[in-house]
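Residue numbering for the sequence shown is 2 to 321, as defined by the numbering used here. Where a beta carbon is used, it is the ideal one built from N, C-alpha and C, also for glycine. Source: prediction; values computed, not measured.
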Amino acid sequence: MTDRHYDPVDGRDPAGGPASWQIHVAGPAPFPGSVLVAERVKTHDGPELVRRSLPPVKHPTDRARAETLLDNEIRALTRLHARYRAPVPELPSIVGYDFDSATPFVLIEPPKGRFLDGSRTLLIDERRRFLIGLFRALAQLAAVDLVHGSVELSSLCWDGGTAQLVNLEQAVRTGEPSHGGAPAHPGDDVRAAGRVVHELFTGKRIGPADTPNLSGEPEELATLLRDVFAPNPGDRPTAVEMLARLNDREPLPPPVNVRSALQRGYDRFDALRPPHAEPGAAQPLLPPTPPRRPLLRRLFPLAVGFAIVAAATLVTLLVM
Numbered sequence: 002m003t004d005r006h007y008d009p010v011d012g013r014d015p016a017g018g019p020a021s022w023q024i025h026v027a028g029p030a031p032f033p034g035s036v037l038v039a040e041r042v043k044t045h046d047g048p049e050l051v052r053r054s055l056p057p058v059k060h061p062t063d064r065a066r067a068e069t070l071l072d073n074e075i076r077a078l079t080r081l082h083a084r085y086r087a088p089v090p091e092l093p094s095i096v097g098y099d100f101d102s103a104t105p106f107v108l109i110e111p112p113k114g115r116f117l118d119g120s121r122t123l124l125i126d127e128r129r130r131f132l133i134g135l136f137r138a139l140a141q142l143a144a145v146d147l148v149h150g151s152v153e154l155s156s157l158c159w160d161g162g163t164a165q166l167v168n169l170e171q172a173v174r175t176g177e178p179s180h181g182g183a184p185a186h187p188g189d190d191v192r193a194a195g196r197v198v199h200e201l202f203t204g205k206r207i208g209p210a211d212t213p214n215l216s217g218e219p220e221e222l223a224t225l226l227r228d229v230f231a232p233n234p235g236d237r238p239t240a241v242e243m244l245a246r247l248n249d250r251e252p253l254p255p256p257v258n259v260r261s262a263l264q265r266g267y268d269r270f271d272a273l274r275p276p277h278a279e280p281g282a283a284q285p286l287l288p289p290t291p292p293r294r295p296l297l298r299r300l301f302p303l304a305v306g307f308a309i310v311a312a313a314t315l316v317t318l319l320v321m
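And the structure:
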C-alpha cells in the first residue's frame with residue numbers, strides 16, 4: 002500500500018467556525034472555463050473533495066481579479082449552505098474554506114457526473130431532465146438573491162438523472178455589479194440558459210450577445226424559448242416559469258426564512274433585556290408658571306396704595 006503524505010490545512014467550516022483537514026493532492030480536477038485552479042484532494046478520514054484556489058499569477062491586477070472570483074464562489078456557496086436546510090442536488094456543496102491566509106481556497110463536494118462539452122447527445126427524455134435540473138438550479142439561486150453569471154453548457158454536469166450547475170466564481174447578489182458591469186438580474190441567467198437549450202436542440206453554439214432566430218426552429222423549441230431572449234431582463238420568464246413549461250411538478254425546497262429562524266433568539270434577548278417603552282405622544286409646550294413672590298412682597302403694593310389714599314384724605318381735611 003502506498004504511504005500517502007497528508008498536509009494539515011486550517012480554515013473554516015461552512016458556518017464560519019474553525020476547522021482543519023488533512024489532505025493529499027491527488028491531481029487536477031476538470032473545471033472547463035474556470036480561472037481558478039481545481040484539484041482533487043483526498044482527506045485523511047473522509048471522501049475525495051475538490052479544492053478551488055488561486056492560479057499562479059504574478060501581476061497584482063491578475064491576482065486581485067482571481068481573489069474576487071474566489072471570493073464570489075465562497076460567498077455564494079456559504080449563502081446556499083445557510084439558506085437551504087439540506088444540500089440541493091442541482092448545485093455544489095461547500096465543505097470548508099479559508100480566505101484569510103496567503104493561500105486562500107474553498108473545499109467543495111466533487112461535481113456530480115461529467116461535464117458536457119457538446120459532443121454528447123442526450124436522448125429526448127434525458128434532455129428534458131437535464132433542462133429541468135438546469136432551471137431548478139437557477140430557481141434555487143434566484144430564491145436566495147443570487148445570480149450565477151456564467152451559465153454555459155461547460156458549467157453543467159450530467160449524472161444520468163439530473164444536471165448540476167457548478168463554477169460559481171462569477172456569482173453575485175441580485176443587483177450587485179455583474180462581471181459585465183450592469184446590475185445582476187436573474188433574467189440574465191435565464192437568457193444564458195436559453196443559449197444552452199438552443200445548443201442542445203440544434204447543436205449550434207451562439208454567442209452571449211446573439212439572439213437566435215427561432216422562426217425556422219421546431220415549435221417545441223420556439224415555445225420553450227418564448228421571450229427568453231427579450232432585451233429587458235425583467236420581461237424574460239423566470240426560472241420557475243421555465244420549469245412550468247417543462248412540466249416539472251417536483252416542488253422546490255423553500256429557503257430558510259432568516260427572520261423566522263432568528264425569532265426565537267430575538268424573543269429570548271427581549272426576555273432578558275426588555276426593550277425600552279415607546280415614548281408617549283409629544284405634549285404641547287406651555288409657558289412656565291411664573292414663580293410665586295414672597296407674601297411680604299405681594300402685600301407691599303397694597304400697603305403703599307393704602308398709605309397714599311390716607312395721605313390724600315388727610316390733606317383734603319386740612320385744606321378744608
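Same chain, Cβ closer than 8 Å to P238, five either side skipped, listed in chain order: V191, R227, D228, V229, R246
Look up L147 in the DSSP assignment and give the residues it is bridged to. R174
For the candidate residues S54, Y85, D118, whose alpha-carbon lies nearest to that of S155? D118
Output the distance between the C-alpha atoms of D72 and A223, rounded to the nearest integer angstrom. 38 Å
First and last residue of the alpha helix (DSSP H) that includes I75? 61–84
DSSP puts D8 in a beta bridge; with which residues? I24
Which one or two residues does DSSP pair with A164 in a beta bridge? W159
According to DSSP, is G18 helix, strand or coil? coil
Compute the beta-carbon to beta-carbon distance between V198 and E153, rounded to the nearest angstrom, for a pair I have assumed lies under 8 Å. 12 Å between Cβ atoms; not a contact.
Candidates C158, L142, L123, of which the one nearest V241 by Cα: L142
As assigned by DSSP and simplified to three states, the class of V51: strand
Examine the Cβ distances between the region 105–114 and the region 198–212 and report whether three or more of them are shorter than 8 Å. no
Who are the Cβ neighbours of A77 in its own chain at under 7 Å, not counting the five residues just before and after it? L147, L169, A172
Rounded to whole angstroms, what is the Cα-Cα separation between D46 and P184? 43 Å
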